[in-house]
Amino acid sequence: MTREVRVRFAPSPTGALHIGGLRTALYNYLFAKKMGGKFLLRIEDTDQTRFVPGAEEYIQESLDWLGISPDESPWKPGSVAPYRQSERKASYMQYALELIEKGHAYYAFDTAEELEAMRERLTAARVLQPQYNSITRSQMKNSLTLSPAEVKERLASGDPYVIRAKLPLKEEVRLHDLIRGWVMVHSSTLDDKVLMKSDGMPTYHLANIVDDHLMGITHVIRGEEWLPSAPLHVLLYRFFGWEDTMPQFAHLPLLLKPDGNGKLSKRDGDKLGFPVFPLNWVDPFTGEKSSGFRENGYLPEALLNFLAFLGWNPGDEREIFSLEELIEAFSIERIGKSGTKFDIAKAKWFNEHYLRSSSQEQLVSYLQEDAKASGVAIPNEKATAIVALLCERVTFPGDFWRDSQFLHQAPSEFDSEVATKKWNADAATLLQAYAQTLETGVAAPFDAAAAKALLESTAEAQGIKLGKVMQAVRLAVTGLGAGPDLMEVFAILGTQEVAKRIRFALDTLAIID
RNA sequence: GGUCCGUUCGUCUAGGGGUUAGGACGUAUCCCUUUCACGGAUAAAACACGGGUUCGAUUCCCGUACGGACUACCA
5 MTREVRVRFA PSPTGALHIG GLRTALYNYL FAKKMGGKFL LRIEDTDQTR
55 FVPGAEEYIQ ESLDWLGISP DESPWKPGSV APYRQSERKA SYMQYALELI
105 EKGHAYYAFD TAEELEAMRE RLTAARVLQP QYNSITRSQM KNSLTLSPAE
155 VKERLASGDP YVIRAKLPLK EEVRLHDLIR GWVMVHSSTL DDKVLMKSDG
205 MPTYHLANIV DDHLMGITHV IRGEEWLPSA PLHVLLYRFF GWEDTMPQFA
255 HLPLLLKPDG NGKLSKRDGD KLGFPVFPLN WVDPFTGEKS SGFRENGYLP
305 EALLNFLAFL GWNPGDEREI FSLEELIEAF SIERIGKSGT KFDIAKAKWF
355 NEHYLRSSSQ EQLVSYLQED AKASGVAIPN EKATAIVALL CERVTFPGDF
405 WRDSQFLHQA PSEFDSEVAT KKWNADAATL LQAYAQTLET GVAAPFDAAA
455 AKALLESTAE AQGIKLGKVM QAVRLAVTGL GAGPDLMEVF AILGTQEVAK
505 RIRFALDTLA IID
């Protein structure tokens, strides 16, 4: 009764793992850890035509980056290896044959053309759902309509065939979903899904059930797009006689586009101005590039926290959760039922939070690395001062470098709007005197307090009210109309640089004036 | 079209037969401040609609509308 909890994340390696898949992985991870169980990763690569090289590595790297690596996976096999369905190929046929023997599946030899003809015929006859089902299978070429001898002959001669599930005509299929409660579907609305494809590979439905069973999966936590086929899966468990160990299902609400319509898709990201992938991705076939959260400056703990709250909440008013805290607080019962729109503003807020609570050393290294990439070396002391200056105004690590440009480079031009509005004779007079003082040398260390005291005394000597000219002073030294504490900026720049900049401003702005 | 799922502020959501319907993001205003930001305070902002059930429904039931998923030899 108390089986060890085992859950799996089962992506298809058909491209970059998108953010919805990542959330599914996260919920699986959280549930497994919460229950003291195992989180497995299984690669569902049964569609050879859609395989994309690099996709599997991408999935691995994404999960590692977020810190939610699986306990068992293709690259860390456990006792139920292998973890790629392509490598489990040999085992599926026997299960399909078992179903045929039990009378729950059959061979079907219909060609694509014949299937198409059937659909057209049914559509013409105004059948609402033209499908291969308990009614129409009697008119098709399969082992239920063909003589045993002919079936045998076709199989022997290598005729292409598929194996289809034989669904009951009239049966109420009930399934209990941990998120949605009881879901009832009538078997007459289901079709005879293909279980084994003509290329010898199983479809998702068969492989999924067989592998979940063989891997001892206790809970299937997956996206809502699977809900419509869940009744088929329940039937399959029943056909196999595996009902007593059938996993419990939890179908997650979908992630929707922020503008309201439709589920978030892989194409949306860059179009809407935010990433939908954890990492940068270049499609190996088309060369199309998609940007990732990581490269856009999102911290893994921020993305994790953000993702966790897309459809789940702890029931109280806390919002900041570390991975450990998420594990502690997580429960499937508290996952919502309705689709969730993706709001990047909230993700930014989480990112700001985690960025600001990073260690100073970490922040300093963000700045220094970016500077280095641009060929600029910033000494520790200065970098530390800059980080302290900008810490409260950054969203991404890259903002330290981007927003401190004015500290590394003297202005070559001035914000014209601010110049016309704020620049005046008083400011020029004050700056003239201030620069002169700086040039003649300042005895005490030129920190923010000293810079301010000096500016104040200079202003007083000139009979100028400091408040009226401060923006002009900022403009002169930084070229900008707004920014962090000016006196701190002065301290970082140093007396000579400040004086130099003032001289340049005096010359340049005099002309504008 | 059919089947299934869903619907509380713009967004993420709490709540639940009787509440001033709570929080967060975002937005606005004010305070702090030499500017911007941070921080603090305040504000605007929601139970899709119609029927039941009930003394009472946003909460339970049924319909409608709207949204979504699925409807492949894709997962």
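When we follow the working numbering, the leftmost residue of the first sequence carries the number 5, and every step to the right adds one.
Every residue, glycine too, gets a C-beta built ideally from N, C-alpha and C.
query: Length of the line joining the Cα atoms of residue 371 and residue 391; result: 8 Å
query: Secondary structure of residue 267, DSSP reduced to three states; result: strand
query: Proximity to residue 51 [Cα-Cα], best of 89, 224 and 414; result: 89
query: According to DSSP, residues forming a beta bridge with residue 227; result: 256
query: Closest Cα partner of residue 438 within the set 147, 118 and 501; result: 501
query: DSSP three-state assignment for residue 49, whether helix, strand or coil; result: coil
query: Short Cβ contact (8 Å threshold) for residue 222 with residue 9; result: yes
query: For residue 405, the first and last residue of its enclosing alpha helix (DSSP H); result: 403-406
query: Coil, strand or helix - residue 136 by DSSP; result: coil
query: Through-space distance from residue 432 to residue 517, alpha-carbon basis; result: Residue confidence for residue 517 is low, a pLDDT of 49 falling below 50, so the modelled location carries little weight; the figure read from the coordinates is stated next. Rounded to whole angstroms, residue 517 to residue 432 spans 11 Å at the Cα level.
query: Beta-ladder partner(s) of residue 177, from DSSP; result: 189
query: Option nearest residue 43 by Cα separation, candidates 219, 198, 156 and 189; result: 219
query: Rounded Cβ spacing between residue 422 and residue 479 (contact assumed at less than 8 Å); result: 5 Å
query: Nonlocal neighbours in the same chain, by C-beta distance under 6 Å from residue 172, ignoring five residues either side; result: 191
query: Rounded separation between residue 417 and residue 267 - CA only; result: 47 Å
query: Inter-residue CB distance, residue 235 and residue 177 (contact presumed, cutoff 8 Å); result: 4 Å
query: Continuous alpha helix (DSSP H) stretch holding residue 97: start and end; result: 93-105
query: Nearest-angstrom Cα separation, counted from residue 208 out to residue 242; result: 17 Å
query: Nearest neighbour of residue 210, chosen from 170, 183, 187 and 229 [CA to CA]; result: 170
query: Rounded straight-line distance, which links the Cα of residue 310 to that of residue 498; result: 41 Å
query: Between the CA atoms of residue 406 and residue 344 - distance to the nearest angstrom; result: 33 Å
query: Sufficient close CB pairs (3 or more, under 8 Å) joining the region 135-147 to the region 104-112; result: yes
query: Simplified DSSP state of residue 109, which is helix, strand or coil; result: strand
query: Under the three-state DSSP convention, the category residue 127 falls into; result: helix
query: Unbroken beta strand (DSSP E) run spanning residue 155, endpoints; result: Residue 155 -> not in any beta strand (DSSP E); alpha helix (DSSP H) instead, spanning 152-160.
query: For residue 346 and residue 582, believed in contact at Cβ under 8 Å, the rounded distance; result: A question about residue 582 goes unanswered here, because the residues of the chain that appear run from 5 up to 517.
query: Nearest to residue 483 (by Cα), restricted to the options 471, 472, 414 and 449; result: 414
query: Own chain, CB closer than 8 Å to residue 283, minus 5 neighbours either side, in chain order; result: 20, 62, 65, 66, 69, 296, 297, 298 and 299
query: Alpha helix (DSSP H) segment containing residue 27, residue limits; result: 23-38
query: Host alpha helix (DSSP H) of residue 13 (start-end); result: Unbroken run through residue 13 is the beta strand (DSSP E), 10-13; no alpha helix (DSSP H).
query: Three-pair Cβ contact test at 8 Å for the region 357-371 versus the region 326-336; result: no
query: Nearest-angstrom beta carbon gap, residue 229 and residue 258 [assumed within contact, 8 Å]; result: 7 Å
query: Residue range of the alpha helix (DSSP H) that includes residue 474; result: 470-482
query: Contacts around residue 430, its chain only, beta-carbon distance under 6 Å, and the 5 residues preceding and following it disregarded; result: 468 and 473
query: Beta strand (DSSP E) runs wholly inside the region 190-222, at least 3 long, in chain order; result: 198-200
query: DSSP beta-bridge partners of residue 44; result: 12 and 76
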